[in-house]
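Heads up, the sequence shown is in the working numbering, so the first residue is 22 and it goes up one at a time.
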Amino acid sequence: LSGTLPTEIGAWTSINDFRVSTNALSGTVPTELGLWASIEQVHLRDNALSGTLPTELSTLTTLDGFLCDRNALNGAVPALAVKSACALISERAPTNTFECPLPAALSATCRSAALCS
22 LSGTLPTEIG
32 AWTSINDFRV
42 STNALSGTVP
52 TELGLWASIE
62 QVHLRDNALS
72 GTLPTELSTL
82 TTLDGFLCDR
92 NALNGAVPAL
102 AVKSACALIS
112 ERAPTNTFEC
122 PLPAALSATC
132 RSAALCS
């Protein structure tokens, strides 16, 4: 896949698993991802996504995993209500540059020094 993630994906109401890793996606992560009330997994890793993670991601209370390493994301990390979001970067290819401090839930479970710029 190539191109950008369209904002229309927010209208997908029955999605619980979204995996688009290892493609050629570019642009920003759409704020409309925050509309996915029943999403459990979001995998965006290994693309060319840039910009900040939308704060709307903090509304995803059913999220079990969020992977976005190997992109060009930056800025503050939203308070993700997620059990497993440590793969915000990859130690093998640290291309995301997030600001510290991380939200408390992530700081407690991740090596925050490896995640922050």
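Ideal Cβ placement from N, Cα and C applies to all residues, glycine included. Computed from a predicted model, the values in this text were never measured in an experiment.
Reduced DSSP secondary structure (H/G/I, E/B, other) of residue i
i: Ser79; result: helix
i: Ala32; result: helix
i: Thr116; result: coil
i: Ser111; result: With a pLDDT of 48 at Ser111, under the threshold of 50, the modelled position of this residue cannot be trusted, and the question is left open.
i: Leu54; result: helix
i: Thr43; result: coil
Beta bridge counterpart(s) of residue i as assigned by DSSP
i: Ser59; result: Its beta-bridge partners do not exist; DSSP assigns none.
i: Ala93; result: Ser71
i: Thr49; result: Answer by DSSP bridge pairing: none, since Thr49 is not bridged.
i: Leu88; result: His64
Neighbourhood of residue i by C-beta, 8 Å cutoff - its chain only, sequence neighbours within 5 removed
i: Ser71; result: Ser47, Gly48, Thr49, Asn92, Ala93, Leu94 and Asn95
i: Leu22; result: Val41, Asn44, Ala45 and Leu46
i: Thr83; result: Asn37, Ala58, Ser59, Ile60 and Glu61
Contacting residues, own chain, Cβ-Cβ under 6 Å from residue i (five flanking each side not counted)
i: Leu18; result: No answer is possible for residue 18: the residues shown for the chain start at 22 and end at 138.
i: Phe39; result: Val63
i: Thr73; result: Gly96
i: Thr34; result: none
i: Thr20; result: Only positions 22 to 138 of the chain appear in the structure, and residue 20 is not among them; the question remains open.
i: Asp67; result: Ser42, Thr43 and Arg91
Same chain, Cβ closer than 7 Å to residue i, five either side skipped, listed in chain order
i: Ala114; result: Its pLDDT being 46, under 50, Ala114 is placed unreliably by the model, and nothing is read from it.
i: Leu78; result: Leu54, Gly55, Pro99 and Leu101
Beta carbon of residue i nearer than 8 Å to that of residue j
i: Ala100; j: Pro124; result: yes
i: Leu26; j: Pro51; result: yes
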